[in-house]
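Trainee: Just so we're on the same page, our numbering is the position in the sequence shown counted from 1, plus 41. The following block contains the structure, expressed as structure tokens.
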Amino acid sequence: MSPRSEEFMAEARDRLAAARASLASGFPPAAVSLAYYAMLYAARAALSEENRYAKTHSGTWQLFGESFVNTERFERQLFSDARDTLELRLGADYEAKHVQRETAKAVVELATRFVSVIETLYPPESPS
């Protein structure tokens, strides 16, 4: 994985760890937001490996769909579920919408799976 892609993946892993901690500490809205960003950064890492970059969230999801879903390198349903988490995150972050703990738990589990699949597609390089 390139250094830039690894930076994105490190951010994805950090956000995922923070999402788990937020969920465990009783902060479901924060867990949803952090889990969403874990998936976004993992998607950006994968795109970076393909020398494709987007400036916006929607652009990232569009490019990811074109590069990985349409080419059948990534599961369509997992992609759709991840992309659709944006609306939940926006509601939690900007509209103070209540997020049930079970909903947040499902989003954190989704993010765990999403990040794991990206790590499988692009495993870290072994030291020489």
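We treat Cβ as the ideally placed atom computed from N, Cα and C, and that holds for glycine.
With DSSP as the reference, label residue 82 as helix, strand or coil.
Mentor: Reading the sequence shown from its first residue, position 41 is the one you call residue 82. Helix at residue 82.
Trainee: Where does residue 106 sit, in a helix, a strand or coil, going by DSSP?
Mentor: What you label residue 106 is simply residue 65 of the sequence shown in a count that begins at 1. DSSP places residue 106 in helix when its eight states are reduced to three.
Trainee: Among 136, 106 and 134, whose alpha-carbon lies nearest the alpha-carbon of residue 122?
Mentor: Taking the first residue of the sequence shown as position 1, residue 122 is located at position 81. The candidate whose alpha carbon is nearest that of residue 122 is 106.
Trainee: Skipping 5 residues on each side, what residues in its chain have a beta carbon closer than 6 Å to that of residue 52?
Mentor: Residue 52 sits at position 11 when you count from the first residue of the sequence shown. For residue 52, where only same-chain residues beyond five positions count, the Cβ hits under 6 Å are 82.
Trainee: Residues in the same chain with beta-carbon distance under 8 Å from residue 64, minus the five sequence neighbours each way, listed in chain order, please.
Mentor: Taking the first residue of the sequence shown as position 1, residue 64 is located at position 23. Excluding sequence neighbours, residue 64 sits near 72, 142, 145, 146 and 149.
Trainee: Could you name the residues of the same chain whose beta carbon sits closer than 8 Å to that of residue 159, not counting the 5 residues immediately before and after it, in chain order?
Mentor: As a first step, residue 159 is located in the sequence shown; it is residue number 118 there, counting from the start. Cβ neighbours of residue 159 beyond the five flanking positions: 50, 53, 83, 84, 86 and 87.
Trainee: Can you have a look at residue 70 and say buried or exposed, based on whether 16 or more other CB atoms are within 10 angstroms of its CB?
Mentor: Translated into the one-based positions of the sequence shown, residue 70 becomes position 29. With 16 or more other Cβ atoms within 10 Å, it is buried.
Trainee: For residue 134, which residues in the same chain have their Cβ closer than 7 Å to its Cβ, ignoring the five residues on either side in sequence?
Mentor: Here residue 134 corresponds to residue number 93 of the sequence shown, with the count starting at 1. Around residue 134: 74.
Trainee: Please report the straight-line C-alpha distance between residue 137 and residue 131, rounded to a whole angstrom.
Mentor: One-based indexing of the sequence shown puts residue 137 at position 96. One-based indexing of the sequence shown puts residue 131 at position 90. Approximately 9 Å, taken between the alpha carbons.
Trainee: What residue range is occupied by the uninterrupted alpha helix (DSSP H) comprising residue 146?
Mentor: Along the sequence shown, read from residue 1 onward, the residue named residue 146 stands at position 105. Looking at the DSSP string, the run of the alpha helix (DSSP H) that includes residue 146 is 142 to 162.
Trainee: Smallest Cα separation from residue 115: which of 154, 166, 98 and 61?
Mentor: Locating residue 115 in the sequence shown gives position 74, where the first residue counts as 1. Ranking 154, 166, 98 and 61 by Cα distance to residue 115 puts 154 first.
Trainee: Rounded to the nearest angstrom, what separates residue 118 and residue 93 at their Cα positions?
Mentor: Locating residue 118 in the sequence shown gives position 77, counting from the first residue. Locating residue 93 in the sequence shown gives position 52, counting from the first residue. Distance between the alpha carbons of residue 118 and residue 93: 22 Å.
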